[in-house]
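Taking it in order: structure first as structure tokens, then the write-up.
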Amino acid sequence: MLWLTIIQQIIGRKYQKGERIYLVLDRTQGQDKNLFMVGIVIVKRAIPIYWQFLDKRGASNLAEQQAILLPVLKLLKNYEMVVLGDR
Numbered sequence: 001m002l003w004l005t006i007i008q009q010i011i012g013r014k015y016q017k018g019e020r021i022y023l024v025l026d027r028t029q030g031q032d033k034n035l036f037m038v039g040i041v042i043v044k045r046a047i048p049i050y051w052q053f054l055d056k057r058g059a060s061n062l063a064e065q066q067a068i069l070l071p072v073l074k075l076l077k078n079y080e081m082v083v084l085g086d087r
């Protein structure tokens with residue numbers, strides 16, 4: 001996925017290896033779309049870096065959370081990560 005390489009370059013310019021970064025899990029329900037995303041907190045804002053649509057309405061489950069986090073964890077393996085989410 002091309003954008004993951006671009007995101008990795010941007011993060012690499014802003015943060016030193018081993019530095020702590022904050023990731024946010026968030027879900028937005030539209031009329032017929034359920035968007036689940038991982039964002040990185042930069043200057044008090046969560047910037048989406050990976051997302052997928054869920055094939056259902058309502059909250060995500062553990063398997064969906066693990067599936068969306070895995071590519072991001074691999075991408076940012078050189079950083080200390082704190083994952084934030086609600087409920």
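For the sequence shown, the UniProt record's numbering assigns the number 1 to the initial residue and increments by one for each residue that follows.
Virtual Cβ for every residue (Gly too), placed ideally from N, Cα, C.
All of these numbers come straight from a predicted model, not from anything done at the bench.
| Check | Outcome |
| --- | --- |
| Secondary structure of Glu64, DSSP reduced to three states | helix |
| Residue span of the beta strand (DSSP E) that contains Gly39, given as start and end | Asn34 to Ile42 |
| Beta-carbon proximity of Leu23 to Val43, cut-off 8 Å | no |
| Alpha helix (DSSP H) segment containing Leu2, residue limits | Leu2 to Lys14 |
| Reference Leu76; option with closest CA among Gln65, Ile49 and Gln31 | Ile49 |
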